[in-house]
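To keep things clear, I will list the structure first and then write my remarks on it.
Numbering (this note's numbering), first residue to last: 125 to 553.
Here's what the structure looks like:
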């Protein structure tokens, strides 16, 4: 009997990941995606790889992959303490006639909501204390398109991937964004978005596990975004400061002289003229050498494209360049808002491109561009820095909302990329 991968799973997994899987297991990785998939299926049929090996790979892609929207919600300490008991969770499963399982690759278009995964990870050598719980849900939704001006509804799986981090009291919901998705196949129904789905499953987890939520995580991330913005932009400014500081005496003499002639109290009151002029000169050098912003050098973890924040009067400021492709440090608004940002010390949303160095190029996975009307997927950009290594750019948006914050990736998500970005964000304390 031939072994076949389900059509919806074929379309879900990026060809670049399938190609890397084939190479790893010495399967012919040449050709287009359909040929590549058939080669993998034949390898399973002929026993070159086991079905379990392929399933482990598929499950990881369904858990990460196109689920680019990552919601983080702080849970109350009492909830976390209750769920840390292995005995409690085993009893929970036993009462429902279940054991730990992961059927994320086996459930297709369920009626209602299906529980697709329930697994947990223990704390070190403690066989009765749980570190993390993995809960997966799948529900059937409908993708609406128009063909010859007539609505056509295609049933699709919506994967909701939940991780309860009981050591850090945090819930993560990982979901895919799809446009024109509806709960039922009805043109009069409103489309739903990822935020709607996230809130729905927050309520579901409260019903199923008694989880209570706090707002602290969303507030703390605003200050963390400020630290990210400050440190990443400062890294670039520091590259040009020595050139400007060579002329420190000339600048000091000028600002003192002009302040005196204008009748100002000093060159630092009511405005620090010296710092303003030095900052302006640094900015001129950055604009003249703007390619430096996006270039990798050792120790540089990324750069900022744009950000949103509220000033001390509550007004919203959207700091971005007129040309969407340009980093924020080439824009006037970045320098105009610098002092306000330093006073407020909170940012509501930030777009960051992170660097990840791949020293062993055999581990480099190329995300291949694929047409994707649902979520506008973009391909991962590679830049070569030295012969022995590659650096990949990981585009993200971090945003704070009422009750949660979100990290959104601009590309198909590899587990390694997700963990790398999360560790970088966590390092800004």
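C-beta atoms are modelled at their ideal positions from N, C-alpha and C, and glycine is treated no differently. Since the structure is predicted, the reported quantities are computational estimates derived from the model, not experimental observations.
request  = List the endpoints of the continuous beta strand (DSSP E) containing residue 245.
outcome  = 237 to 246
query = Closest by CA to residue 558, which one among 220, 212, 261, 222?
reply = Any question about residue 558 goes unanswered here, given that the chain covers just 125 to 553.
First and last residue of the uninterrupted alpha helix (DSSP H) at residue 320 = 318 to 333
key: Straight-line gap, residue 421 to residue 303 (C-alpha atoms, nearest Å)   = 38 Å
query = Could you give the distance in angstroms between the alpha-carbon of residue 485 and the alpha-carbon of residue 514?
reply = 7 Å
ask   = Does the separation of the CB atoms of residue 534 and residue 476 fall below 7 Å?
value = no
task = Report yes if the CB atom of residue 518 is closer than 7 Å to the CB atom of residue 550, and no otherwise.
result = no
query = Should residue 371 be labelled buried (16 or more other beta-carbon atoms within 10 Å of its own) or exposed?
reply = exposed
ask   = What is the DSSP secondary structure of residue 125, counted as helix, strand or coil?
value = coil
task = Sort 427, 341, 150, 138 by Cα distance to residue 353 and report the nearest one.
result = 427
Length-filtered (3 minimum) beta strand (DSSP E) runs lying within the stretch 460 to 488 = 473 to 482
key: Proximal residues to residue 512 (C-beta, below 6 Å), its chain only, five neighbours per side dropped   = Unreliable positioning characterises residue 512 in this predicted model, as indicated by a pLDDT of 48, which lies under 50. The coordinate reading is nonetheless provided below. If we look at residue 512 and ignore the five residues flanking it on each side, it has no Cβ neighbours.
request  = Could you check how far apart the C-beta atoms of residue 297 and residue 325 are, in whole angstroms? I think they sit under 8 Å.
outcome  = 6 Å
ask   = Nearest CA to the CA of residue 430: which residue from 411, 395, 473, 409?
value = 473
request  = Measure the C-alpha to C-alpha separation of residue 252 and residue 127 and round it to an integer number of angstroms.
outcome  = 39 Å
Cβ neighbours of residue 438 in the same chain (closer than 6 Å, five flanking residues each side left out) = Note that residue 438 scores 49 on pLDDT, short of 50, meaning its location in the model is unreliable and no value can be drawn from it.
request  = To the nearest angstrom, report how far apart residue 149 and residue 307 are at their CA atoms.
outcome  = 40 Å
ask   = With which residues is residue 306 paired in a DSSP beta bridge?
value = 266
DSSP state of residue 493 mapped onto helix, strand, coil = coil
request  = Label residue 75 either buried or exposed according to how many other C-beta atoms from any shown protein chain fall within 10 Å of its C-beta, with 16 as the threshold for buried.
outcome  = Beyond the ends of the chain as shown, which are 125 and 553, falls residue 75; an answer cannot be given.
task = Select from 254, 264, 246, 248 the residue whose C-alpha is nearest the C-alpha of residue 239.
result = 264
query = From what residue to what residue does the alpha helix (DSSP H) around residue 148 run?
reply = 139 to 148
query = Whose C-beta lies closer than 6 Å to the C-beta of residue 505 among residues of the same chain, with five residues either side of it excluded?
reply = Bear in mind that the predicted position of residue 505 carries a pLDDT of just 49, short of 50, making it too unreliable to give a figure here.
query = Beta-carbon separation of residue 536 and residue 138 under 7 Å?
reply = yes
Sheet register partners of residue 294 (DSSP bridge) = 198, 289
Where the beta strand (DSSP E) containing residue 136 begins and where it ends = Counting along the chain, residue 136 falls outside any beta strand (DSSP E), though it belongs to the alpha helix (DSSP H) covering 131 to 136.
message = So, for residue 405: in the same chain, excluding its five sequence neighbours on each side, which residues have a beta-carbon less than 6 Å away from its beta-carbon?
response = 368
ask   = Going by alpha carbons, who is nearest to residue 281 out of 274, 217, 294, 266?
value = 266
message = If distances are taken between C-alpha atoms only, which option among 349, 487, 268 comes closest to residue 309?
response = 268
query = Can you tell me whether DSSP reads residue 364 as helix, strand or coil?
reply = helix
Of the listed residues 167, 172, 546, nearest to residue 478 (C-alpha basis) = 546
request  = Measure the C-alpha to C-alpha separation of residue 293 and residue 257 and round it to an integer number of angstroms.
outcome  = 12 Å
query = Nearest CA to the CA of residue 397: which residue from 410, 548, 181, 382?
reply = 382
query = Is the stretch 270 to 280 touching the stretch 155 to 165 in the sense that three or more CB pairs, one from each, lie closer than 8 Å?
reply = no
inquiry  = Helix, strand or coil for residue 415? Go by DSSP, reduced to three states.
reply    = helix
message = Measuring only the C-alpha atoms, how far is residue 465 from residue 409?
response = 22 Å
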